[in-house]
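Participant: The structure is given below, and queries will be raised subsequently.
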């Protein structure tokens with residue numbers, strides 16, 4: 001694929017936001033990205049969103065936002081792949097530019113979840129599972145992840161407290177991110193004394209239901225040198241949608257495939273990755289993601305979390321702005337928050353959580369219980 | 382954009398289908414397209430759908446169908462732009478192939494509407510409108526179209542019975558389409574004596590809520606000569622999402638733009654178009670679509686309908702397999718039914734409704750009340 005650049009980024013604070021409609025929330029992130037790029041209107045809009053039809057009674061987000069932003073007559077579409085909808089929109093925009101149909105595009109991810117009662121949100125999230133094989137039996141998304149975590153602990157001998165380090169790291173980094181939902185450090189004792197959500201997943205293993213929007217401005221023309229962040233790799237792969245059909249529920253085979261292809265495209269190995277924005281919707285997904293991306297052997301991720309490897313000065317910094325766990329997880333926007341954060345890191349603009357000398361950053365966005373996984377590698381220079 | 386071919390097509394009968402789940406319905410159309418192409422599995426899946434999250438409690442259709450079809454690990458996404466979601470998925474797949482990321486793709490459109498009570502379907506359809514400016518005030522989609530039709534009659538002096546010819550033509554053609562919802566001819570008297578839905582739109586002005594799925598197999602490699610149907614043009618444009626913000630509610634400016642660009646891409650004029658699968662969700666949309674695509678001046682479309690121009694042997698045959706009106710309108714699938722029908726016409730496989738010597742065929746898919754319009758031109762040879 002031809003070289004495509006990220007000329008601008010924007011994001012709204014992740015929180016409960018009852019003052020703005022979905023359109024205004026997405027529009028705010030888009031306006032920030034447009035101002036940051038300062039290149040005028042792009043030729044098209046790609047919107048990542050999962051549940052606005054149910055949760056906000058609003059679909060057709062492409063035309064909606066083109067209209068709201070004043071991008072008269074420009075084309076716009078919505079992309080959906082559950083929690084990886086954000087990265088799906090990013091990948092669709094990349095392909096649109098590489099095809100020559102567009103020379104620039106705005107990618108917006110938005111989700112407004114907290115207007116709905118919790119039972120409705122849980123039901124909306126469950127639409128990412130197989131309705132015939134999982135949804136109809138009432139299984140929730142946290143339950144699917146709990147099954148995986150239970151099996152992981154049984155198979156590799158870890159205990160729940162071994163997972164605390166993932167959340168402690170995420171919260172420690174979120175303290176310095178003004179857009180994070182939880183700007184509060186947590187301790188092992190907090191983790192051990194919090195409430196259970198679905199055994200063995202406790203409250204501090206789980207990312208929060210949130211409202212938020214993030215946006216990136218993509219262009220085929222190289223921006224000025226200090227903003228020269230390019231997309232070095234883009235790769236997507238699927239796995240069985242239902243957990244019960246997976247040969248090995250402890251391996252994210254779609255992540256393994258998409259990361260392997262991404263490394264090939266970028267011409268690098270995991271060793272060159274300076275930071276990794278992984279999809280820590282639950283601690284167990286953080287672990288499986290690190291393993292699938294080649295940072296350690298299967299079953300060994302809790303060791304990386306506990307020996308300091310995932311810290312800002314460690315071998316592979318993760319969740320550098322709080323991750324899904326502490327920045328928050330507005331599902332359709334998450335993939336773009338990850339990419340905005342990687343871009344800001346490569347631009348050297350993340351202040352106290354800046355990873356030194358990072359030239360390559362990776363973001364991995366997971367849809368469903370591992371059924372649709374999209375990996376992007378960004379490059380500074 | 383590089384030349385891309387339609388190597389295979391598939392469609393399920395449009396009807397109330399309570400025997401199959403959304404997945405099975407979409408899968409059936411996909412299997413037919415795969416068998417028709419006979420080229421093995423393509424590299425990716427693009428699914429057009431509008432309301433499965435609400436109506437069928439099922440999202441993540443890309444991974445769902447890749448899994449169900451046995452296309453292990455191949456990438457897949459959902460595309461949404463309300464009633465033009467089908468053409469949006471087609472366009473996204475074209476751009477994916479033209480970008481070089483994929484060499485082939487399956488495009489599937491599916492909608493399963495009749496499981497839900499009518500009030501829910503009406504609410505789901507209204508998510509294509511602006512929730513803040515239209516939806517929250519309870520305006521339905523038929524009401525928006527009724528406002529346009531009322532104004533059109535006032536402005537140009539037509540009466541309701543002048544619109545009957547659009548529906549009579551669609552039903553006459555549907556008689557010969559085994560996949561059509563209504564295989565029954567209607568008369569002017571039927572039209573004049575049917576019930577009112579929302580004045581001036583009556584039951585025979587409106588396309589039926591339906592279940593259905595259609596699929597196309599796209600490939601960069603030229604298929605065998607008798608199947609050499611290529612995509613000569615693909616163009617999308619948006620307009621204001623809310624009707625009240627439109628400068629002129631009687632002009633589909635997004636259709637004018639996307640048709641104009643499509644003709645440029647194909648290097649032809651409306652004169653060369655052998656058949657036009659237009660988006661006759663309501664008779665008034667049929668009229669506006671013909672005008673926007675350049676087949677007559679604004680306000681003159683009812684004349685074309687009444688003077689025989691839109692018949693199979695007329696100047697511009699439309700709705701050759703029944704159109705949305707009589708074939709049926711499973712919203713997210715409609716854009717792909719249109720493209721399947723154009724492809725079959727260009728292959729000369731439509732039997733008694735075959736348009737003689739057509740080498741160029743056009744399909745135009747409309748999202749919302751005219752806010753997201755996508756035009757494709759196919760070419761035989």
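Chains as they are written, first to last, in my numbering: chain V, 1 to 381; chain H, 382 to 762.
Ideal placement from N, C-alpha and C gives every residue a C-beta, glycine not left out.
(1) Let me know the alpha helix (DSSP H) ranges lying completely inside the segment 419-493 of chain H, each 4 residues or longer, listed in chain order.
(2) In the DSSP assignment, the beta strand (DSSP E) including residue 213(V) goes from what residue to what residue?
(3) Is there a Cβ of chain V sitting closer than 8 Å to that of residue 441(H), yes or no?
(4) I need the straight-line Cα distance from residue 714(H) to residue 469(H), nearest angstrom please.
(5) Is residue 531(H) helix, strand or coil by DSSP?
(6) Could you give the first and the last residue of the continuous alpha helix (DSSP H) run that contains residue 713(H)?
(7) Would you call the CB atoms of residue 167(V) and residue 191(V) closer than 8 Å?
(8) Given a cut-off of 8 Å on the beta-carbon distance, is the pair residue 526(H) and residue 582(H) in contact?
(9) Quick one: grab the DSSP three-state call for residue 552(H).
(10) Exposed or buried, what is residue 493(H) when buried is set at 16 or more other beta-carbons lying within 10 Å of its beta-carbon?
(11) To the nearest angstrom, how far is it from the Cα of residue 521(H) to the Cα of residue 578(H)?
(12) Taking 8 Å as the cut-off, does the segment 241-254 of chain V touch the segment 346-357 of chain V (at least 3 CB pairs, one atom from each stretch)?
(13) Please state whether DSSP places residue 499(H) in a helix, a strand or coil.
(14) Just checking my contact of residue 273(V) with residue 361(V) at CB under 8 Å: how many whole Å lie between their CB atoms?
(15) So, is the C-beta of residue 705(H) closer than 8 Å to a C-beta in chain V?
(16) Which chain V residues sit within Cβ distance under 9 Å of residue 457(H)?
(17) Sort 45(V), 308(V) and 365(V) by Cα distance to residue 92(V) and report the nearest one.
(18) Take the Cβ of residue 535(H) as the centre, count every other Cβ of all protein chains shown within 10 Å, and call the residue buried at 16 or more, exposed below.
(19) Measuring straight from C-alpha to C-alpha, what distance separates residue 503(H) and residue 54(V)?
(20) Taking only three categories from DSSP, how would you classify residue 362(V)?
(21) Please go through the same chain and pick out, in chain order, the residues whose beta-carbon is closer than 6 Å to the beta-carbon of residue 301(V), but skip the five residues on each side of it.
(22) Can a CB atom of chain V be found closer than 8 Å to the CB of residue 664(H)?
(23) Counting only Cβ pairs nearer than 9 Å, list the residues of chain H close to residue 307(V).
(24) Could you give the distance in angstroms between the alpha-carbon of residue 406(H) and the alpha-carbon of residue 544(H)?
(25) Between which two residues does the beta strand (DSSP E) harbouring residue 656(H) extend?
(26) To test your reading of the DSSP string, which unbroken alpha helix (DSSP H) runs of 4 or more residues are found completely within the segment 643-683 of chain H?
(27) What's the call for residue 518(H), buried or exposed, on a 16-neighbour Cβ count within 10 Å?
(28) So with CB distances below 7 Å, who are the chain V contacts of residue 724(H)?
(29) Give the straight-line distance between the Cα atoms of residue 62(V) and residue 413(H), rounded to the nearest whole angstrom.
(30) Determine whether the beta carbon atoms of residue 28(V) and residue 9(V) lie at a separation below 8 Å.
(31) I'd like the span of the alpha helix (DSSP H) that includes residue 326(V), first residue to last.
(32) Tell me the residue span of the beta strand (DSSP E) that contains residue 616(H).
(33) Which first and last residues belong to the alpha helix (DSSP H) in which residue 188(V) is found?
(34) Using a threshold of 8 Å, state whether the C-beta atoms of residue 561(H) and residue 707(H) are closer than that.
(35) Residues of chain H with a CB under 9 Å from the CB of residue 50(V): which are they?
(36) Return the Cβ separation of residue 277(V) and residue 338(V) in integer angstroms, given the expectation that the two are a contact with Cβ distance under 8 Å.
Facilitator: Answer, in terms of the structure:
(1) List check, alpha helix (DSSP H) in window: 433-436, 442-449 and 466-479.
(2) Segment 211-219, the beta strand (DSSP E) holding residue 213(V).
(3) For residue 441(H), the nearest beta carbon of chain V is closer than 8 Å to its own beta carbon.
(4) Approximately 11 Å between the Cα atoms of the pair.
(5) Residue state, collapsed to three classes: helix.
(6) 712-728 is the span of the alpha helix (DSSP H), which, as asked, contains residue 713(H).
(7) Closer than 8 Å, so yes.
(8) Going by C-beta atoms, residue 526(H) is nearer than 8 Å to residue 582(H).
(9) Judged by DSSP in its simplified three-state form, residue 552(H) adopts helix.
(10) By the neighbour-count rule (16 or more Cβ atoms within 10 Å), residue 493(H) is buried.
(11) For residue 521(H) and residue 578(H), the distance between alpha carbons rounds to 11 Å.
(12) No: the two stretches stay apart, fewer than three of their Cβ pairs being nearer than 8 Å.
(13) Per DSSP, reduced to three states, the secondary structure at residue 499(H) is helical.
(14) Right, their Cβ atoms sit about 7 Å apart.
(15) Chain V contact via Cβ: absent.
(16) Chain V residues near residue 457(H): 81, 236, 238 and 372.
(17) Selected option, being the one with the closest Cα: 45(V).
(18) So residue 535(H) counts as exposed.
(19) Going by the C-alpha atoms only, they are around 13 Å apart.
(20) Residue state, collapsed to three classes: strand.
(21) Same-chain partners within the cutoff: 287, 290 and 291.
(22) It does not: the Cβ of residue 664(H) has no partner Cβ on chain V nearer than 8 Å.
(23) Going along chain H, no residue has its Cβ under 9 Å from residue 307(V), so there is no contact; the nearest lies around 32 Å.
(24) So the two alpha carbons sit approximately 33 Å from each other.
(25) In the DSSP annotation of this structure, the continuous segment of the beta strand (DSSP E) that includes residue 656(H) starts and ends at 656-658.
(26) Qualifying alpha helix (DSSP H) stretches, in chain order: 664-673.
(27) Within a 10 Å sphere around the beta-carbon of residue 518(H) sit fewer than 16 other beta-carbons, which makes this residue exposed.
(28) Near residue 724(H) there are no residues of chain V at all, since even the closest Cβ is about 21 Å away, more than 7 Å.
(29) Their Cα atoms are separated by approximately 31 Å.
(30) No. Outside cutoff.
(31) Unbroken alpha helix (DSSP H) run through residue 326(V): 323-326.
(32) Annotation for residue 616(H): the continuous beta strand (DSSP E) segment containing it runs 610-619.
(33) Under the DSSP assignment, residue 188(V) falls in the alpha helix (DSSP H) whose first and last residues are 188-192.
(34) In contact: residue 561(H) and residue 707(H) (Cβ atoms closer than 8 Å).
(35) Near residue 50(V) (Cβ distances below 9 Å), the residues of chain H are 434, 440 and 441.
(36) With 8 Å as the limit, residue 277(V) and residue 338(V) qualify as a contact, their Cβ atoms being about 4 Å apart.
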